[in-house]
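Chemist: I'd like to ask some things about the structure below.
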Amino acid sequence: MRIFEESNPDWFYMNLHMFKKGIIDKRRLMEEDIIYDIRDNGIVILRFDDNSDYFKLFDLDEYNINTLSHIFSYYGYHEYFDPYAANQDFDEGYVLNYFNNENMELLAEIMKVFSPGLDVTERNNDRKIADILRTTFERQVSTIIDEYHSQVESAMTSAIEKNVKEEFCNIFEDDKIYNNDSCFYKYYTTIDNLINLYDHLNGKSLPPYEMLKKLGHTKSVGEDYGNAYDLDYFKYFDLEEFNRVTKSNLEDMLENIYDSDRFVDIEEYKRIIEKLSKFTFGKWYNLPKNKNKMFKIIEIDHETNHIVFEYKKKMTQDIEKGSVSYERFNLFLYHPELF
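For the sequence shown, this note's numbering assigns the number 13 to the initial residue and increments by one for each residue that follows.
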């Protein structure tokens with residue numbers, strides 16, 4: 013009787029006690045928005061019509077409430093990774109770090125054509141490689157960048173969603189309010205537990221939603237839930253799919269190279285590249301038959317299959333340039349007196 017004397021008959025808290033005594037049926041309790049159902053065994057199902065209603069239970073500012081609501085909205089889309097940043101990552105060579113061994117071999121084959129002396133395994137060359145690819149294969153590079161952007165975006169989304177769910181989904185478990193695989197939407201507790209929470213919080217006059225808000229404001233929560241860069245999002249990056257798309261486009265590049273009319277004779281070009289494999293393009297060497305002179309190979313001109321090179325005397329800055337056939341280049345190396 014003391015409970016009835018100390019309570020207002022309009023309070024939800026009062027109705028909980030009246031339901032327990034069989035004075036009212038569950039329909040009276042279900043007049044409250046978040047009381048979805050009450051089972052015969054006393055289990056109460058709480059339901060939030062909008063996830064923002066759930067996040068408003070906690071000590072969060074409006075920005076974070078809107079961000080969290082947007083993240084888990086069925087219709088919402090939140091862009092964590094700017095397409096401009098994806099393009100910048102490619103131009104800086106960072107995207108090459110995601111290439112698997114098979115794609116690195118394809119990349120090396122492409123670079124043999126456009127920059128034979130370039131070591132694709134040397135990270136300092138990544139920006140130059142990216143520039144060659146973008147300049148020469150705009151369509152294929154665009155597809156690779158789009159796939160990279162998509163994978164990073166998906167990975168960041170997964171990391172943020174997991175982080176938020178870990179913090180908020182079961183935050184009321186210690187208060188005996190449980191989730192059942194429907195985070196921020198449907199929760200389960202009991203009539204007795206609701207009464208105990210009202211007593212513990214000294215909030216007997218509050219509607220159930222306001223009582224939960226009072227409880228939620230006792231919880232310690234973080235800030236800035238829209239930032240994925242502080243999370244380990246890379247483990248959600250689908251490397252297999254990214255490399256599948258990348259492989260297809262690298263193979264398309266090679267096909268375009270060999271089928272194009274940019275080479276006067278692609279097979280001869282490849283043979284010359286192979287014959288010169290003992291030299292690193294862009295590196296100075298002593299002339300085999302004249303140690304007082306040095307040379308370095310610049311490139312193979314694909315329109316003539318001539319070897320473009322520079323040479324000079326040691327201890328001088330006077331550099332001369334040549335462009336000759338492979339046979340003439342061999343003559344330069346081993347019989348300079350006849351060149």
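For glycine and all other residues, C-beta sits at the position ideal for the given N, C-alpha and C.
Measuring CA to CA, which of D71, F67, D94, N99 is closest to S85?
Modeler: Locating residue 85 in the sequence shown gives position 73, where the first residue counts as 1. Looking at the Cα atoms, F67 is the closest of the given residues.
Chemist: Are the CB atoms of R274 and H314 within a distance shorter than 7 Å?
Modeler: For the purposes of this step, residue 314 is identified with residue 302 of the sequence shown, where counting begins at 1. For the purposes of this step, residue 274 is identified with residue 262 of the sequence shown, where counting begins at 1. Taking 7 Å as the Cβ cut-off, H314 and R274 qualify as a contacting pair.
Chemist: Roughly how many angstroms lie between the CA atoms of W23 and G234, to the nearest whole one?
Modeler: Numbered from 1 along the sequence shown, position 11 holds the residue referred to as residue 23. Numbered from 1 along the sequence shown, position 222 holds the residue referred to as residue 234. Roughly 33 Å separates the two Cα atoms.
Chemist: Looking only at DSSP bridge pairs, what is N255 linked to?
Modeler: Stepping through the sequence shown from its first residue, residue 255 is reached at position 243. Bridge partners of N255: none, in fact.
Chemist: Please report the residue range of the beta strand (DSSP E) in which M306 lies.
Modeler: Against the sequence shown, residue 306 aligns to sequence position 294. That run of the beta strand (DSSP E) goes 302–313.
Chemist: Return helix, strand or coil for Y190, following the three-state DSSP convention.
Modeler: As a first step, residue 190 is located in the sequence shown; it is residue number 178 there, counting from the start. Strand.
Chemist: So, helix, strand or coil for S335, using DSSP?
Modeler: Along the sequence shown, read from residue 1 onward, the residue named residue 335 stands at position 323. In this structure, S335 counts as strand in the three-state DSSP scheme.
Chemist: Taking 7 Å as the limit between beta carbons, can you name the residues of its chain near K226, skipping five residues before and five after?
Modeler: Residue 226 sits at position 214 when you count from the first residue of the sequence shown. Contacts found: L213, G215, L218.
Chemist: Can you round the beta-carbon distance between K326 and E332 to whole angstroms, since I take them to be within the 8 Å contact cut?
Modeler: Along the sequence shown, one-based indexing puts residue 326 at 314. Along the sequence shown, one-based indexing puts residue 332 at 320. Rounded, the Cβ-Cβ distance is 14 Å, inconsistent with contact.
Chemist: Can you tell me whether K247 is helix, strand or coil according to DSSP?
Modeler: Here residue 247 refers to the residue found at position 235 of the sequence shown. DSSP places K247 in helix when its eight states are reduced to three.
Chemist: What separation, rounded to the nearest whole angstrom, lies between the Cα atoms of R40 and H29?
Modeler: Along the sequence shown, read from residue 1 onward, the residue named residue 40 stands at position 28. Along the sequence shown, read from residue 1 onward, the residue named residue 29 stands at position 17. Approximately 12 Å between the Cα atoms of the pair.
Chemist: Go ahead and pull the three-state DSSP assignment for H318.
Modeler: The residue labelled residue 318 in the question sits at position 306 within the sequence shown. Strand at H318.
Chemist: F60 and F196 look like a contact to me (Cβ under 8 Å); what is the Cβ gap, rounded to whole Å?
Modeler: One-based indexing of the sequence shown puts residue 60 at position 48. One-based indexing of the sequence shown puts residue 196 at position 184. Indeed they touch by this definition, with Cβ atoms about 6 Å apart.
Chemist: Where S337 and S170 are concerned, what is the direct C-alpha to C-alpha distance, given to the nearest angstrom?
Modeler: Indexing the sequence shown from 1 puts residue 337 at position 325. Indexing the sequence shown from 1 puts residue 170 at position 158. Each residue's alpha carbon lies about 56 Å from the other.
Chemist: From the DSSP output, in three-state form, read off K32 for me.
Modeler: Locating residue 32 in the sequence shown gives position 20, where the first residue counts as 1. Correct three-state label for K32: helix.
Chemist: If I312 sits next to I278, beta carbons under 8 Å apart, how far is it from one beta carbon to the other, in whole angstroms?
Modeler: Indexing the sequence shown from 1 puts residue 312 at position 300. Indexing the sequence shown from 1 puts residue 278 at position 266. Their Cβ separation, rounded to whole angstroms, is 11 Å, which puts I312 and I278 out of contact at 8 Å.
Chemist: In this structure, what does DSSP give as the bridge partners for V233?
Modeler: As a working mapping, residue 233 is identified with position 221 in the sequence shown. In the DSSP output, where bridge partners are listed per residue, V233 has none listed.
Chemist: Could you tell me the alpha carbon to alpha carbon distance between D103 and K188, rounded to whole angstroms?
Modeler: Indexing the sequence shown from 1 puts residue 103 at position 91. Indexing the sequence shown from 1 puts residue 188 at position 176. Computed Cα separation, rounded: 53 Å.
Chemist: What first and last residue would you give for the beta strand (DSSP E) that runs through V352?
Modeler: A question about residue 352 goes unanswered here, because the residues of the chain that appear run from 13 up to 351.
Chemist: Considering Cα atoms alone, identify which of V132, Y160, F126 is closest to A98.
Modeler: Reading the sequence shown from its first residue, position 86 is the one you call residue 98. Nearest C-alpha to A98: Y160.
Chemist: Among the residues of its own chain, which have a CB less than 8 Å from the CB of E173, if the five just before and after it don't count?
Modeler: If you number the sequence shown from 1, residue 173 lands on position 161. Here the set comprises I83, F84.
Chemist: Report buried or exposed for Q329, applying the criterion of at least 16 other Cβ atoms within 10 angstroms of its Cβ.
Modeler: For the purposes of this step, residue 329 is taken as the residue at position 317 of the sequence shown. Burial call: exposed.
Chemist: Where do the ends of the beta strand (DSSP E) carrying Y75 lie?
Modeler: The residue given as residue 75 occupies position 63 in the sequence shown. First-last for Y75: 74–83, but that is the alpha helix (DSSP H), not the beta strand (DSSP E).
Chemist: Using beta-carbon positions only, say whether D138 and G105 come within less than 7 Å of one another.
Modeler: Taking the sequence shown and counting its residues from 1, the one referred to as residue 138 is at position 126. Taking the sequence shown and counting its residues from 1, the one referred to as residue 105 is at position 93. Contact flag set, yes.
Chemist: Identify the continuous alpha helix (DSSP H) that holds T147 and give its terminal residues.
Modeler: Residue numbering aside, residue 147 sits at position 135 when the sequence shown is read from its first letter. 138–148 is the span of the alpha helix (DSSP H), which, as asked, contains T147.
Chemist: How would you call N113, buried or exposed, if buried means at least 16 neighbouring beta carbons within 10 angstroms?
Modeler: For the purposes of this step, residue 113 is taken as residue 101 along the sequence shown, with counting starting at 1. So N113 counts as exposed.
Chemist: What is the DSSP secondary structure of I284, counted as helix, strand or coil?
Modeler: To locate residue 284, count along the sequence shown from 1; it is residue 272. Helix at I284.
Chemist: Okay, do the stretch 254–261 and the stretch 110–125 touch, 3+ Cβ pairs below 8 Å being the bar?
Modeler: Flag = yes, the stretch 254–261 and the stretch 110–125 touch.
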